[in-house]
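Please read the structure below before turning to the comments.
There are 2 protein chains.
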Amino acid sequence: MAPRFTVSYYVRAADEAEARARALDIALEQTVEIPRDVVPKGYVEDEILGKLEALVKDPDGRPGYLASISYSEDDVGGDFLQFLNIVFGNSSIKPGLKVENIGLSKGILALCPGPKHGIAGLRQRAGIGAQPLLMSAIKPVGLSSAELAQRAHDFALGGMHFVKDDHGLVDQRTSPFAERLAACVDAVGDANAKGGGQASFVPNITASAKELFERAIMAQEAGAGGVMISPALAGYDVIHTLASDPDFTLPIVSHPAFSGANVVSPETGFSHRCFYGALQRLMGADAAIYPNFGGRFGFTREECQSIAKACADDMGGPKAIVPAPGGGMNLGRVPEMRDAYGNDVMYLIGGALLQDTDIVSASRRIVEAVAR
Amino acid sequence: MAPRFTVSYYVRAADEAEARARALDIALEQTVEIPRDVVPKGYVEDEILGKLEALVKDPDGRPGYLASISYSEDDVGGDFLQFLNIVFGNSSIKPGLKVENIGLSKGILALCPGPKHGIAGLRQRAGIGAQPLLMSAIKPVGLSSAELAQRAHDFALGGMHFVKDDHGLVDQRTSPFAERLAACVDAVGDANAKGGGQASFVPNITASAKELFERAIMAQEAGAGGVMISPALAGYDVIHTLASDPDFTLPIVSHPAFSGANVVSPETGFSHRCFYGALQRLMGADAAIYPNFGGRFGFTREECQSIAKACADDMGGPKAIVPAPGGGMNLGRVPEMRDAYGNDVMYLIGGALLQDTDIVSASRRIVEAVAR
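Keeping their order, the protein sequence lines are chains A and B. Start counting the first sequence at 19; every next residue gets the next number (our numbering). Start counting the second sequence at 19; every next residue gets the next number (our numbering).
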């Protein structure tokens, strides 16, 4: 028998009998996808078919149960997307079903070496100790590369550790990718030379499958300090592929664009901590952006804290990464944020700084308040 | 001004004022992602910023409004993923918001040439006229390539037009991709030679970004009759890239694995017709698999019919594709299915046939019943 990994699902059900029937259905659906009575005896039934390992009332008080189902590493076949497909492929389409947690096995940990840098590597790159990291975004789409580079310069001079592209900046004619990359790396370098900082520029390389990998190489060769990818758009394997590539050395920032439906509905998709925490680490992201509580989105403080915890928990292998809450951060909220997240966090601050006529000073004020 | 495309969103709201505020927020969030008061005057405000074009009470009686928002082709920058990002990137994370429809513009149609074959091409390949197509899946994972090829042979001899891999078959040691591909193409070829049919084998090529394209070429060179991809796992650009590649000539079947959260929640994600119909055509899929009503999933007859309609509607460019409902099909349901779908459909029939000890005869009975 091959080692098995486990997935724990919240299953809406009126009683235990219904929950058990639904759980056994998941075990079939996610593996053999044929009626139970025609599952071949022997290897397929004993090894490949999912096994219901435990079934308990939902500890969070939802109207259902937690079903823990184990799957064989043999079914994964060394394929990261097939791993995700076993976790939640077809069952994602069934209502009242949510992935709560994933319990790893040795083979899955070998398949998912995790991020190259993690929070420790990002801090080292930024030249700081055990304090929060800060990241800003240049925007909006429609500005020229020169205008965007000026913003990158100002954020860097103001002390931001990372300056990233807005996730909507791709290769628009107003600011083509290669031109913006060169201009922003230069601008951040100038600011570092002037101010003595170690800011890094992080371009958005989300693009078609082939272009994404070309842009990753361009970013590395141009002297960028990381790359950003939206995995829910570009595919759940691209970060995994880049993080596993020994020739690619930059940190990877994961952006949540297009991922919302996987999380916001209380009874479908994934738990917040599993999607924005565990999955990001398994893919190999070094920083996971998600919407902060109290901002423009509806996540609660507890949901955000559960993500931060999942970024740092001992997974038996992958390095701790940095949770990067975006939205809703400003000077006045620094104490509240410190209370919620402690030091192991990267604050993503964009719009609030652009509302100031002096981006450099506005950045400095927030950098100082956070470091205090 | 560049031409604009429009997206119509269902917006949950207590009254028109709230709906308008939420709609204007979408227009900001999906384009400039900065506070309204700092949107640069001129090109950014006039061209890039989303525009609220219409706001009406939801015609389907849900507690909210339909907001139609237009976006500039300039913001897309010729990038298919950026197009999807504008449609629903960050706003996917906001609850009570659903993409209902997308209204195309000339530039988007140029970016999305659509499928190469469509339903007409699939029928031509199968050698049939205006009747329903039939597809079966070889499974389960864990069988050897020889055993799976035997099933492929029997389905083909029984008259199925397409025989596909189960979407969980990748490169497991029990049936490595290359070995299974060769064995199944051979087996289906033998059955065609014996029975006079024109069945095609369709391997699952969902894999890491680089392997997926290698397997597409392998499939074409080996004589497969199509490929299957799960875009919600592999990324929303891979089908688009393959369908746009003049050197790749096989039909593409889209599988819904991992996509469920985008659709099943009534107030998040996409409408059924938009996700499993319109988006699949824009990507360039020739056939779109989705869960049939009355099967193991919860879609209603009306939702399934709306998908089928969206596969065939005049979009101003992309060919009509074939809706491929899976699950719940058997001999007894043929009249009900004919009534729901008419002729422009591809029935995906798997488990029910495997429950028969004689797959060839079981396939023949369903093929005859559907063609009658």
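We treat Cβ as the ideally placed atom computed from N, Cα and C, and that holds for glycine. Quick caveat: nothing in here was measured; it's all calculated off a predicted structure.
When you compare only the Cα positions, how much space is there between residue i and residue j?
i, j, result
"Y359/B", "A326/B", "7 Å"
"S110/A", "D304/B", "23 Å"
"E51/A", "E285/B", "29 Å"
"P221/B", "S162/A", "45 Å"
"F315/A", "K75/A", "30 Å"
"V117/B", "T49/B", "16 Å"
"D12/A", "L175/B", "Missing from the structure shown is residue 12/A; chain A here goes from 19 to 390 and no further."
"A240/B", "D204/B", "9 Å"
"I307/A", "A167/B", "45 Å"
"S26/A", "G334/B", "45 Å"
"G253/A", "G313/B", "28 Å"
"L230/B", "D263/B", "14 Å"
"D92/A", "E65/A", "8 Å"
"P158/A", "L187/A", "8 Å"
"R390/B", "G350/B", "14 Å"
"R383/B", "L140/B", "22 Å"
"I247/B", "A144/A", "40 Å"
"N108/A", "G114/A", "13 Å"
"Q216/B", "P77/B", "46 Å"
"I377/A", "A225/A", "29 Å"
"G295/B", "F98/B", "17 Å"
"V352/B", "K112/B", "41 Å"
"V245/B", "E320/A", "43 Å"
"A200/A", "F101/A", "37 Å"
Over the uninterrupted alpha helix (DSSP H) stretch that includes residue i, give me the two end residues.
i, result
"E91/A", "91 to 94"
"D33/B", "D33/B -> no alpha helix (DSSP H), and no H or E assigned at all."
"G213/A", "195 to 213"
"N103/B", "98 to 106"
"G125/A", "124 to 129"
"D172/B", "163 to 175"
"A380/B", "377 to 389"
"G186/A", "Per DSSP, G186/A belongs to no alpha helix (DSSP H) and is neither H nor E."
"A20/A", "Where A20/A is concerned, there is no enclosing alpha helix (DSSP H), given that its DSSP letter is neither H nor E."
"G369/A", "369 to 372"
Just tell me which of the options has its CA closest to the CA of residue i.
i, options, result
"I223/A", "A211/A, G145/A, D374/A, Q190/A", "Q190/A"
"A41/A", "I104/A, A144/A, V385/A, L84/A", "L84/A"
"S324/A", "N348/A, G313/A, V363/A", "V363/A"
"P269/A", "I339/A, M19/A, M355/A, P150/A", "I339/A"
"V57/B", "S379/A, D374/A, V388/A, V385/A", "D374/A"
"G278/B", "N348/B, F293/B, A328/B, A45/B", "F293/B"
"A261/B", "G136/B, S90/B, R198/B", "G136/B"
"L4/A", "A227/A, E63/A, V245/A", "Since the displayed chain A opens at 19 and closes at 390, residue 4/A lies outside it and no answer follows."
"S289/B", "A37/B, V352/B, F106/B", "F106/B"
"I44/B", "F98/B, Y61/B, E71/B", "E71/B"
"F23/B", "Y89/B, R30/B, G60/B", "Y89/B"
"K212/B", "S193/B, I235/B, G177/B", "G177/B"
"P53/A", "G368/B, A380/B, D376/B, V388/B", "G368/B"
"C322/B", "K337/B, G344/B, K134/B", "G344/B"
"N348/A", "M153/A, A275/A, A39/A", "M153/A"
"L366/A", "P21/A, A196/A, P274/A", "P274/A"
"E125/B", "L46/B, V29/B, V94/B", "According to the sequence displayed, residue 125/B carries Gly and not Glu. It is V94/B."
"I156/B", "P81/B, D172/B, A128/B, A200/B", "D172/B"
"A342/B", "L300/B, P336/B, S272/B, L371/B", "S272/B"
"R356/B", "S86/B, K59/B, L151/B, F180/B", "L151/B"
"E34/B", "K69/B, K134/B, E47/B, L73/B", "L73/B"
"S123/A", "A170/A, A370/A, D208/A, G96/A", "G96/A"
"C329/B", "F180/B, E232/B, G68/B, M301/B", "M301/B"
Between which two residues does the beta strand (DSSP E) carrying residue i extend?
i, result
"K116/B", "115 to 121"
"V220/B", "218 to 220"
"I270/B", "270 to 272"
- Query: For the stretch 284 to 295 of chain A, which residues have a CB atom closer than 7 Å to at least one CB atom of chain B, in sequence order?
  - Reply: T286, G287
- Length at least 3, wholly inside the stretch 67 to 93 of chain A: the beta strand (DSSP E) runs in chain order: 69 to 75, 82 to 90
- Item | Chain-ordered residues of the stretch 178 to 206 of chain B with a beta carbon less than 8 Å from chain A | D184, H185, G186, V188, D189, Q190, R191, T192
- 3 or more residues per run - each beta strand (DSSP E) lying fully within the stretch 332 to 364 of chain A: 340 to 344
- Message: If the cut-off is 9 Å on Cβ atoms, which residues from the stretch 157 to 171 of chain B count as contacting chain A, listed in chain order?
- Response: K157, P158, V159, G160, L161, E165
- Item | Contained alpha helix (DSSP H) runs [length at least 4] in the stretch 285 to 327 of chain B, N- to C-terminal order | 297 to 301
- Residues within the stretch 100 to 113 of chain B neighbouring chain A, beta-carbon criterion of under 8 Å: Q100, L102, N103, I104, F106, G107, N108, S109, S110, I111, K112, P113
- Which runs of the alpha helix (DSSP H), 4 residues or longer, sit entirely within the stretch 228 to 260 of chain A? 249 to 252
- Mind listing, in chain order, the continuous alpha helix (DSSP H) runs of no fewer than 4 residues lying wholly within the stretch 125 to 160 of chain A? 136 to 144
- Item | Interface residues of the stretch 226 to 246 of chain B facing chain A [CB-CB below 9 Å] | S226, A227, K228, E229, L230, F231
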